[in-house]
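Going down the list, the protein sequences come from chains A and B. Quick note: the first sequence, position 229, residue 229 per my numbering, numbers continuous. Quick note: the second sequence, position 275, residue 275 per my numbering, numbers continuous. No residue lacks a Cβ here, since even glycine has one placed at the ideal position from N, Cα and C. Model, not experiment: these values are computed from the prediction. Have a look at the structure below, then the notes.
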Amino acid sequence: MTLRTTIAAVFRGRKLAALGAVWLCIITVAAIGAQFIAPFDPLEIDPIARLSEPGLPYLFGTDHFGRDTFSRAVYGARMALIIGIGSVLVALICGGLIGLLSAYFSTLGHFLMRIIDVLMAFPALLLALVLMTLLERSVINTVIVIGIVYATTTARIFFGMTLKLKNEVFIDAARCSGAGHGSILFRHILPNLWSPLLVQASFIFAFAQLQAAALDFLGLGLPPEVASWGNMLAEEKIYITRAPWLLMFPGALIILSVFSMNLVGDAMRDSIDPRFKNDIAGI
Amino acid sequence: MALLEINNLSIAVASQGQLLPVVTDCSFSVAAHETLGVVGESGCGKSLTALAIMGLLEGSQVNITSGSIVFDGRDLLQLRPAQRRAIMGNQMAMVFQEPMTSLNPVYRIGEQITEVLQQHRKITHRESRQRALELLDLVKIPHPQDRIDSYPHQLSGGQRQRVMIAIAMACEPALLIADEPTTALDVTVQKEVLDLMLDLQTRTGTSIILISHDLGVIAETCDEVAVMYRGRIIEKATTASLFANMAHPYTRGLLASIPTIDTDNDWLQAIPGRVPGIDEKVNGCPFHPRCAHTETPCTQTAPRLIDTHPHHAVRCHFAGEI
Numbered sequence: 001m002t003l004r005t006t007i008a009a010v011f012r013g014r015k016l017a018a019l020g021a022v023w024l025c026i027i028t029v030a031a032i033g034a035q036f037i038a039p040f041d042p043l044e045i046d047p048i049a050r051l052s053e054p055g056l057p058y059l060f061g062t063d064h065f066g067r068d069t070f071s072r073a074v075y076g077a078r079m080a081l082i083i084g085i086g087s088v089l090v091a092l093i094c095g096g097l098i099g100l101l102s103a104y105f106s107t108l109g110h111f112l113m114r115i116i117d118v119l120m121a122f123p124a125l126l127l128a129l130v131l132m133t134l135l136e137r138s139v140i141n142t143v144i145v146i147g148i149v150y151a152t153t154t155a156r157i158f159f160g161m162t163l164k165l166k167n168e169v170f171i172d173a174a175r176c177s178g179a180g181h182g183s184i185l186f187r188h189i190l191p192n193l194w195s196p197l198l199v200q201a202s203f204i205f206a207f208a209q210l211q212a213a214a215l216d217f218l219g220l221g222l223p224p225e226v227a228s229w230g231n232m233l234a235e236e237k238i239y240i241t242r243a244p245w246l247l248m249f250p251g252a253l254i255i256l257s258v259f260s261m262n263l264v265g266d267a268m269r270d271s272i273d274p275r276f277k278n279d280i281a282g283i
Numbered sequence: 001m002a003l004l005e006i007n008n009l010s011i012a013v014a015s016q017g018q019l020l021p022v023v024t025d026c027s028f029s030v031a032a033h034e035t036l037g038v039v040g041e042s043g044c045g046k047s048l049t050a051l052a053i054m055g056l057l058e059g060s061q062v063n064i065t066s067g068s069i070v071f072d073g074r075d076l077l078q079l080r081p082a083q084r085r086a087i088m089g090n091q092m093a094m095v096f097q098e099p100m101t102s103l104n105p106v107y108r109i110g111e112q113i114t115e116v117l118q119q120h121r122k123i124t125h126r127e128s129r130q131r132a133l134e135l136l137d138l139v140k141i142p143h144p145q146d147r148i149d150s151y152p153h154q155l156s157g158g159q160r161q162r163v164m165i166a167i168a169m170a171c172e173p174a175l176l177i178a179d180e181p182t183t184a185l186d187v188t189v190q191k192e193v194l195d196l197m198l199d200l201q202t203r204t205g206t207s208i209i210l211i212s213h214d215l216g217v218i219a220e221t222c223d224e225v226a227v228m229y230r231g232r233i234i235e236k237a238t239t240a241s242l243f244a245n246m247a248h249p250y251t252r253g254l255l256a257s258i259p260t261i262d263t264d265n266d267w268l269q270a271i272p273g274r275v276p277g278i279d280e281k282v283n284g285c286p287f288h289p290r291c292a293h294t295e296t297p298c299t300q301t302a303p304r305l306i307d308t309h310p311h312h313a314v315r316c317h318f319a320g321e322i
């Protein structure tokens, strides 16, 4: 199947999911070309124009330092993408490896999966908060912490699927043809996990946005000088009555992005699993 | 010298702290270029024996408790994993019962054939693809050029089994283990697949262990036969001698249970009862609860394997009498 037919199969008859995909494309373009799209430097202060209303030249208005909210939102898209992709990579690589190895080597699995159980006993945000307080506020640490939080569920999913796959006849056949453990794990089992892995990635991406925004809002996520949607909410929350647009724009961006990513994830899952044919993404 | 010699092989399942024997004291050998048939009902230990030979029991609940598996002069059970992997797929290969699930669904069949070749041979990508085409042609897949880039789900069951045979034969192994290779196939396809295996055998001189519950298949294809019941070999003979001097009541029961087209029987001849579970203990001859000829010694002592004819051994107290 070519990439084009795959994309067509995912979005055919799922208009809302297609709209979500378009929105994600816009966010991606904004993130990549932030310095060309943003009309102002996101850190540039214009004290005279502070808390000005949306209009020209400040499309989304300005915050209490007089920084352009639109430019900050565009750079925030870049942060959102970095957090999303980074967390997905950390979660899939750590969680995937733990799940894969735990299922394949059962003695190791007894040990590793119990650690995962302990981590899963914490609510996701609480676990992220605890880890963040141990670490310094930085982009990379935020990515690692959110990645670890979602590595637990990923490990569970991989564990279950690998357990099932490793008893398939074609795995026995591979062992019969002289394949070693590494070759069986990464050449025979892993490629069978690509599609659930893709779906899982889309959901982690969406949840990572929410988690990062929550951490920023609580003052434990990205450093305060970084332009991110969560930081914008946190900094301007006291101006909610005087300048509500300062909260509306970043809030709407977070909601739209998470919603879009979930719709695309649903659409991908539905196109893989026929049991979910007429779910919400099919509207 | 025999290519494969199995001496006193015993296999047991670990269950709730105790070892339940599933194969007991099993010995047989396969000479080069020969075909050995292993027959028995489901659960008699024939597949486990095959898995033990291929080293697929490691890391499972099933353990080899004693015995040796000597292949080409080397005891497989004493080899290091890497040495063993060098033999598997290269000098011995296996074809499984379920052609629908024994190919990896995410790889094209060409890739699955070349993988084995690249594992065991110093061979370029182009050469291995060329060889894969030859193999597909050899196993009579029509239009190998078009088929080599198909995924397993695009092939029928019979074609998949042919691909499995192509993979197994890729390195021209000295021994091929076929575990009920035709059970999941249509009768007409069964015949084709069996003929194909025998054809390949005459070309390459591969020895075959054919596991089956179908005495008809065995009669057509094998030089020697071992009949298993409850993890023991109960009759072992050349095919000609087995069918001429069938001695064990179980073997006779198996043969009688094949329906024939020219007798007007309304009922299928069956062996009464069922194979006892592995956790049930049977004293004396393991077959005596189902045997029509049971007498006092059968319930007390387990019979040994006795030669009744040249190249014909039977495990029955009354071998040759009944």
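Approximately 6 Å separates the beta-carbon atoms of Met161(A) and Pro196(A); this is inside 8 Å, confirming the contact.
Inter-residue distance for Asn141(A) and Gly76(A) is about 17 Å (C-alpha atoms, whole angstroms). Pairwise C-beta distances place the segment 131-147 of chain B out of contact with the segment 213-224 of chain A, as fewer than three of them are shorter than 8 Å. Residues of the segment 86-118 of chain A whose Cβ lies closer than 7 Å to any Cβ of chain B: none. Fully enclosed alpha helix (DSSP H) runs of no fewer than 4 residues occupy 125-138, 144-147, 157-169 of the segment 118-198 of chain B, in order along the chain. Cys316(B) and His110(A) have their C-alpha atoms some 47 Å from each other. Just measuring C-alpha positions, the residue of Ser183(A), Leu220(A), Val199(A) sitting nearest Gly265(A) is Val199(A). Contact fails between the segment 266-277 of chain B and the segment 188-205 of chain B, because fewer than three Cβ pairs, one in each stretch, are under 8 Å apart. For Cys316(B), there is no enclosing beta strand (DSSP E), as DSSP marks it with neither H nor E.
For Gly182(A), no chain B residue has a Cβ inside 7 Å of its Cβ, as the nearest lies near 11 Å away.
If the five residues before and after Thr183(B) are omitted, its C-beta is found closer than 7 Å to the C-beta atoms of Gln97, all from its own chain and listed in chain order.
The beta carbon of Arg252(B) lies closer than 8 Å to those of Met246 in the same chain, with the five residues before and after it left out.
A Cβ of chain A is located within less than 8 Å of the beta carbon of Ile167(B). For the pair Val143(A) and Ile83(A), the CB atoms are nearer than the 8 Å cut-off. Neighbours of Pro105(B) in chain A, taken as residues whose beta carbon is under 8 Å from its own, are Phe170, Asn192 in chain order.
Against chain A, the beta carbon of Arg80(B) has no neighbour under 8 Å; the closest one sits roughly 12 Å away. Residue burial is scored here from C-beta neighbours: Cys25(A) has fewer than 16 other C-beta atoms within 10 angstroms and is therefore classed as exposed. Setting aside the 5 residues that flank it on each side, Arg242(A) is surrounded in the same chain by Leu51, each with a C-beta closer than 7 Å to its C-beta; the list follows chain order. Taking CB atoms only, Gln119(B) has a neighbour in chain A less than 8 Å away. The beta carbon of Asn90(B) sits closer than 8 Å to some beta carbon of chain A. Assignment of alpha helix (DSSP H) within the segment 14-55 of chain B, counting only whole runs of 4 or more residues, yields 46-54 in chain order.
By the Cβ-count criterion, Trp229(A) is buried, with 16 or more other Cβ atoms from all chains shown falling within 10 Å of its own Cβ. Taken through DSSP and simplified to helix, strand or coil, Phe287(B) comes out as coil.
Contacts between Phe71(B) and chain A, judged by CB atoms closer than 8 Å, are missing: the closest CB pair is about 14 Å apart. His181(A) carries a helical assignment under DSSP once its states are collapsed to helix, strand and coil. Comparing alpha carbon positions, the residue from Arg67(A), Leu16(A), Glu44(A) closest to Pro54(A) is Arg67(A). Taken through DSSP and simplified to helix, strand or coil, Ala12(B) comes out as strand. Residues of chain A whose Cβ lies closer than 9 Å to the Cβ of Glu98(B) are, in chain order, Val169.
The Cβ of Ser102(B) sits closer than 8 Å to at least one Cβ of chain A. With fewer than 16 other Cβ atoms from the protein chains shown falling within 10 Å of its own Cβ, Pro142(B) counts as exposed. Cα atoms of Ala252(A) and Leu185(B): separation of roughly 59 Å, rounded to the nearest angstrom. When the Cα atoms are used, His309(B) and Leu155(B) turn out to be separated by approximately 47 Å. Of all residues in the segment 49-76 of chain B, the ones placed with a Cβ closer than 7 Å to any Cβ belonging to chain A are Met54, Leu56, in chain order.
When DSSP reads this structure, Asn7(B) sits in a beta bridge with Ser68(B).
Bounds of the beta strand (DSSP E) holding Glu235(B) are 232-238.
Within chain A, Cys176, Ser177 have C-beta atoms less than 8 Å from the C-beta of Ala93(B), given in sequence order.
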